[in-house]
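Notes follow once the structure below has been shown.
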Ligand code: HXC
Ligand code: NAP
């Protein structure tokens with residue numbers, strides 16, 4: 454889909470880059486010539502992924518343990534990266550989430566998810582943004598949101614309010630920082646099988662079936678499709694796209710929004726035939 458040197462000389466940090474979508478993006482960015490930094494809380498997971506991706510792509514990848522909830526830790530990580538040169542691209546991908554009845558959540562449960570998703574994104578964005586602005590260095594931020602961010606969702610409330618904040622941050626800074634060379638965009642993916650997401654959000658086969666039935670394409674997205682969209686949005690070729698949230702869900706969101714979208718399952722061919730207007734007798 455892209456030329457092999459598309460991301461040559463680009464230095465990219467992916468938060469939560471040791472697993473799932475973050476790892477898939479890291480692999481694709483490395484294949485296209487980027488230098489990639491990945492961070493996460495679990496050092497063993499990061500090191501294993503970095504070794505695997507390095508062997509597969511021969512690209513330069515660095516693993517830095519960091520809890521994005523902790524502002525000082527994020528600043529220290531960004532400082533350590535900047536020592537070998539500025540980043541060009543930040544991908545805010547780290548997240549925490551689980552399904553639960555909201556009234557049963559403890560304050561720590563809210564804080565945990567909001568801390569990772571909203572504050573983590575804010576910490577990393579501000580750390581990079583301030584450095585870019587100070588040195589007139591161009592930068593691009595891509596955040597991974599979710600399709601429920603603009604409308605909310607039952608049973609994932611800490612995540613929904615956090616992702617809504619991430620999208621507000623994206624749109625606000627796109628305007629505030631755009632004229633100083635910083636682009637802000639986001640991707641809102643529908644369900645894409647990863648261990649982290651599916652074990653927590655679709656933990657039973659019947660929940661997966663429900664999710665597939667809601668989707669016009671009747672399949673889940675793939676990590677490769679997500680990585681390709683991410684490459685497009687961070688590359689210079691999409692330089693005029695700023696402040697956008699690109700939904701990538703096979704049409705699931707729209708299917709949920711359309712009043713009559715489920716008729717395809719409710720009515721048979723015979724039903725549709727019976728609904729056709731009868732020919733008038735002449
Ligand atoms: C209710 C829960 C809970 C659950 C944790 N808690 N899981 N409450 N139901 N299922 C509560 C705990 O009891 C605790 O509160 C508080 O949350 C913090 O939990 P810890 O386990 O101590 O926190 P921590 O180790 O920091 O783990 C954070 C986490 C965990 C968010 C809870 O799930 C995690 O590490 N997630 C990272 C990966 C992830 O979630 N990936 C999925 C992203 S997918 P108390 O009061 O008891 O101390 C996504 C979009 C998917 O975001 C969209 C799909 C279509
Ligand atoms: P995942 O594999 O669980 O990825 C989450 C990553 O975030 C992990 O690598 C995790 O590593 C890291 N992380 C969590 N807390 C952190 C913290 N405090 N500091 C630093 N890193 C932290 O799940 P995924 O499916 O790939 O999700 C990636 C992104 O896509 C998330 O933003 C998610 O909301 C979004 N998304 C996913 C789907 C889907 O269906 N997969 C759909 C919509 C949106 P550690 O645990 O080692 O810290």
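Residue numbers (the working numbering): 454 to 735.
Beta carbons are placed, not taken as given, at the ideal position from N, Cα and C, and that holds for glycine.
For residue 654, the secondary structure class from DSSP, reduced to helix, strand or coil, is helix. Shown here, residue 583 sits in a helix according to DSSP, grouped into three states.
Taking C-beta atoms under 8 Å as the contact rule, residue 683 and residue 641 fail to qualify, at a distance of about 12 Å. Counting only residues of its own chain and dropping the five nearest sequence neighbours on each side, residue 605 has a CB closer than 6 Å to the CB of 613.
With a cutoff of 8 Å on beta-carbon distance, residue 546 and residue 469 are scored as near each other. With a cut-off of 7 Å, the C-beta of residue 696 is classified as distant from the ligand NAP, since no heavy atom of the ligand falls inside that distance. By the Cβ rule, the stretch 669–687 counts as touching the stretch 464–478, because three or more pairs are nearer than 8 Å. Following the DSSP letters along the chain, one finds residue 609 in no beta strand (DSSP E), marked with neither H nor E.
Distance from the CA of residue 647 to the CA of residue 730, rounded to the nearest whole angstrom, comes to 48 Å. Shown here, residue 599 sits in coil according to DSSP, grouped into three states, outside any helix or strand. In this chain, the alpha helix (DSSP H) harbouring residue 728 covers 722–728. Taking all protein chains in view, the Cβ of residue 673 is crowded by 16 or more other Cβ atoms within 10 Å, so the residue is classified as buried. Counting of Cβ neighbours within 10 angstroms places residue 493 among the buried residues, the total reaching 16 or more. Closest option to residue 685, judged by alpha-carbon separation, among 544, 496, 491 and 471: 544.
Closest option to residue 514, judged by alpha-carbon separation, among 617, 499, 609 and 636: 499. Per DSSP, the unbroken beta strand (DSSP E) holding residue 641 starts and ends at 635–642.
The stretch 469–550 contains, as complete alpha helix (DSSP H) runs of 4+ residues, the segments 473–484, 496–510 and 524–535 (chain order).
For residue 592, the secondary structure class from DSSP, reduced to helix, strand or coil, is strand. In this structure, the ligand NAP has a non-hydrogen atom nearer than 7 Å to the beta-carbon of residue 645.
If you check the C-beta of residue 488 against the ligand NAP, you find no heavy atom less than 7 Å away.
Between the stretch 558–569 and the stretch 579–596, the count of Cβ pairs shorter than 8 Å is below three; the stretches do not touch.
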